[in-house]
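J.: What follows is a single structure, and I will ask about it in a moment.
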Amino acid sequence: MLAQNDEALTIFHNSLATFLDTTAPPETIERWNQNKQVDREAWLAAGEFGMLGVLVPEEHGGLGVDFRYERAIMEAFAERGLEGWGVPVHNMIAAPYLIEHGTPDQKNQWLPKVVSGETILAIAMTEPAAGSDLQGMRTRAVRDGDEWIINGSKV
């Protein structure tokens, strides 16, 4: 496990700053914003650097660190105006569901790919009548034998 003390966090933050300055300089961020898409190579580089799935346990390839490291990522993103790169959703919203609720087989299959950037996680929660109000959602998944039937629509 990566040491979770102030010195280790400072080293991570400084390394992250260097990585982002190289991988996402202002002109690249502008292009990503215009295209509404981050280069696939950037995701893979972020995985290689260790920025993806930092909360993922080490046995699945992650750093296995605490939320302070996610905060360091968010601060570095904010300092650079990196608002369109979905790392926060990937790391802090979607990955924890898999970490906490995935079966051992699901974790073994997906978490290493989440950490490497091979798989990009997202959420699909917005609906036409509910927006992002989770209480108002109408889409349902119902088991039908060995399969699931999903009824509803997403925006």
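According to the working numbering, the sequence shown holds residues -8 to 146 in order. Glycine included, each C-beta is placed from N, C-alpha and C at the ideal position.
1. Just the C-alpha distance for V56 and L46, rounded to the nearest angstrom, thanks.
2. Just list the alpha helix (DSSP H) runs in the stretch 21 to 62, keeping only unbroken ones of 4 residues or longer that don't cross its boundaries, in chain order.
3. What three-state label does DSSP hand N99 in the structure shown?
4. Given G52, which residues of its chain have a CB within under 8 angstroms of its CB, disregarding the five upstream and five downstream residues?
5. Please classify K98: is it buried, with 16 or more other beta-carbons within 10 angstroms of its beta-carbon, or exposed?
6. For G38, which option in L7, E91, I140 has the closest C-alpha, if you only look at C-alpha atoms?
7. Could you give the DSSP three-state label for R71: helix, strand or coil?
8. Quick test of your reading: G77 and N24, contact by CB under 8 angstroms. State the CB separation rounded to the nearest angstrom.
T.: From the atom records:
1. 5 angstroms
2. 31 to 40
3. helix
4. G44, L102, P103, V106, S107
5. buried
6. L7
7. helix
8. At roughly 13 angstroms, the Cβ-Cβ gap does not stay under 8 angstroms, so G77 and N24 are not in contact.
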